[in-house]
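Protein chains in written order, with the working numbering: chain A, 14 to 282; chain L, 4 to 271.
From the three backbone atoms N, C-alpha and C, an ideal C-beta is built for every residue, glycine too.
Worksheet for the structure shown next.
Now the structure itself:
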C-alpha cells in the first residue's frame, strides 16, 4: 500500500535562526489536507518529503524506502512546485512534452486538465513557464503533477489564484485521483469539498493530527486550552483548541488560517 | 536519448544572451584581430598562418568561456528541477549527466565551428589568402577536448555552488570561466611560465596554436616574443587531467546536491 512516512523531521535554513520544521511526524496513506497559515512550514515539509532540501534530523520513507535512496524511479512521486518544472527555458508545450517523455506520462492528459482549468491552449506554444501569470503557472504545474500518474502527489496551494468555477473542476480531479494525495493550503473553505480526506494542521513548524475532515466540518476554534478538545495546537506560545459546541469561531468560516493570528491578537488585547 | 537532449540544444541555441556573448561579441574581436591588430602583419603565408593560429586559439578560448558562463547559469537556475528529474523520472544522475554533456557539446562544437569559419573567412578577406590548419584532425580533436573542458568546468562550478550551499555567490561563480578565459588571453603579453601548464585555459590556447600553425608556442608573452617553448605533451596531459577530475567531481556532486531555489540566487 502506498505510504509516505515522516519521522522526527527537522529542517533548518542557515539564513533563518528558527528551525522551519521542529520535529514533524506523520503517516500519509490516504488523501490528506495539510492546513496551516502562510509561513508555517507546509512548503518546506513538501520539499523535505521530495528530497529537495537538506534534512537536519529525522527521515522520510516513501513506500518503506528512504527518500535519499530514490533515484530514476518514474511514477513514485510528483509535485506541483514550479521550480521542479524549470529544467529548461523552453515554451510550455515543449516542457509538457519533455516531462511526459521523462516520466512516461500521457501529455494529452495534461492538456485535458489544462483545458478544464481554462488555460488557453495557444498560450502554451507561445510562452515559457515564467512568462505565465502566477495563477496560470500554478495551474500548469498542477496539471503536470496530476498527469504523471504517480503513486504519491504533493500539491502546494493548488487553488491559489483560481476562480471558483475552476476550483470546482480541480476538486473533481483530486477526488477522482487514484493514489496518495497530500495537499497543503491555508484556505479552510476547501474542507467542505473534501469530506473523505484526512486533515492535518501545521503551525510554526509542527504538524498536528490527523482527524477526518468530515469530523472537523462543525468544529470551532477556541483560543484556550479546552479539556474536551478534538485537537490542541501551540500557536504563538499559547494552546488553541478545536472543539465541538457553540464556543469559538467555526473553523470552516475562517477562510484562511492566517486569521488564527488575528484572532489570537484580538483575544490578547 | 530522451527529449531532454534535443530540447536542451534548442534551449541553448535560442538563448539570446548566450548567442550574443559567445558569438556576436567575439565576432567583433575577429574583425579587430583582422583589420586593426593585423594591420602590420606581413602578407607572407607563414606569418599569416601563425597570426591566424594565435587568433583562433585566443578567440576560441574566449568564445567557449562565454558559452561556459551560459551553461553554468542555466545549470544553477535548474538545480531543483535536476534534483527532481534525477529522482522521479527515468533520467538517473549519470544519464542526466550524459545527456546534458552531449547536448552542451553540440552547442560548444557549433560555437567552435562558427569561430573557425568566421576567422577563416574574415582573415582570407583581409590577407588575400587562406591558410588552412597544419594538423586539421589534431586541431578538431583538441577543439573538442576544449569544449569538453568548458562543459566540465561549468558543471563542476554550478554543482559546487549548490552542494556547498553558496547560492549568493552564484552570479560571481558563473563568470569564473570567462574571467579565467580572459586571464589566459593575457598570454599574448604576459609570460605565465610554469603556470601555463597548470591553467587549462592556457593549455587549450597553446594546443590550438600548435595544431593550427605547426609551431610550438611559448609559455606566454607571444606579442613580445618572450617565454620558453611549451611542451605540447605536457599541456595535453594537463588538459586531460583537468577534464577527468572535474567530470568525476561533478558526477559525485550531482548525487549529493539537493538543488537551490531560484529565489535564493542573488540577482545583483
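Below-8 Å beta-carbon distance, residue i vs any chain A residue
i              : result
residue 178(L) : no
residue 156(L) : no
residue 89(L)  : yes
residue 239(L) : no
residue 270(L) : Reliability of the predicted coordinates at residue 270(L) is poor, the pLDDT of 46 falling under 50, and the value obtained from them is presented with this limitation in mind. No - not a single Cβ of chain A is within 8 Å of the one on residue 270(L).
residue 14(L)  : yes
residue 54(L)  : no
residue 5(L)   : yes
residue 109(L) : no
residue 103(L) : no
residue 168(L) : yes
residue 257(L) : no
Closer than 9 Å at the beta carbon, the chain L residues around residue i
i              : result
residue 218(A) : Near residue 218(A) there are no residues of chain L at all, since even the closest Cβ is about 18 Å away, more than 9 Å.
C-beta neighbour in chain L for residue i, strict 8 Å
i              : result
residue 154(A) : no
residue 322(A) : Residue 322(A) cannot be examined here, being either before or after the span of chain A that is shown, 14 to 282.
residue 195(A) : no
residue 107(A) : yes
residue 27(A)  : yes
When the options are compared against residue i, the one with the closest alpha-carbon
i              : options                           : result
residue 211(L) : 192(L), 188(L) and 230(L)         : 188(L)
residue 96(A)  : 126(L), 44(L) and 80(L)           : 80(L)
residue 62(A)  : 51(A), 78(A) and 48(A)            : 78(A)
residue 164(L) : 75(L), 235(L), 145(L) and 126(L)  : 75(L)
residue 18(A)  : 220(A), 74(A) and 230(A)          : 74(A)
residue 195(L) : 220(L), 216(L), 215(L) and 179(L) : 220(L)
residue 195(A) : 51(A), 188(A), 236(A) and 41(A)   : 41(A)
residue 26(A)  : 59(A), 64(A) and 68(A)            : 68(A)
residue 166(A) : 209(A), 60(A) and 38(A)           : 60(A)
residue 49(A)  : 249(A), 81(A) and 220(A)          : 220(A)
residue 266(A) : 233(A), 35(A), 256(A) and 71(A)   : 233(A)
residue 274(A) : 31(A), 52(A) and 181(A)           : 52(A)
residue 201(L) : 62(L), 218(L) and 235(L)          : 235(L)
residue 209(A) : 199(A), 198(A), 127(A) and 224(A) : 224(A)
residue 66(L)  : 111(L), 8(L), 171(L) and 162(L)   : 111(L)
residue 235(A) : 110(A), 272(A) and 35(A)          : 272(A)
residue 161(A) : 54(A), 119(A) and 179(A)          : 119(A)
residue 208(L) : 193(L), 100(L) and 56(L)          : 56(L)
Where residue i meets chain L, residues with beta-carbon distance less than 8 Å
i             : result
residue 64(A) : 86, 90 and 261
Buried/exposed call for residue i, threshold 16 Cβ in 10 Å
i              : result
residue 14(A)  : exposed
residue 92(L)  : buried
residue 203(L) : buried
residue 271(L) : Note on residue 271(L): pLDDT 38, under 50, position unreliable in the model; the coordinate value appears next. It counts as exposed.
residue 20(L)  : exposed
residue 278(A) : exposed
residue 45(L)  : exposed
residue 217(A) : buried
residue 232(L) : exposed
residue 38(L)  : exposed
residue 259(A) : exposed
residue 33(L)  : buried
residue 86(L)  : buried
Residue i: contacting residues in chain A (beta-carbon distance under 8 Å)
i             : result
residue 94(L) : 85 and 115
Proximal chain A residues relative to residue i, where beta-carbon distance stays under 9 Å
i             : result
residue 80(L) : 99 and 102
Closer than 7 Å at the beta carbon, the chain B residues around residue i
i             : result
residue 89(A) : Here the protein chains are A and L, and chain B is not one of them.
Listed by chain order, chain A residues near residue i by CB distance under 7 Å
i             : result
residue 11(L) : 101
Residue i: contacting residues in chain L (beta-carbon distance under 7 Å)
i              : result
residue 111(A) : 6, 7 and 10
Distance between beta carbons of residue j and residue i, contact taken as under 8 Å
i              : j              : result
residue 213(A) : residue 45(A)  : 6 Å
residue 85(A)  : residue 95(L)  : 4 Å
residue 72(L)  : residue 24(L)  : 7 Å
residue 225(L) : residue 190(L) : 6 Å
residue 159(A) : residue 190(A) : 7 Å
residue 118(L) : residue 62(L)  : 6 Å
residue 153(L) : residue 68(L)  : 7 Å
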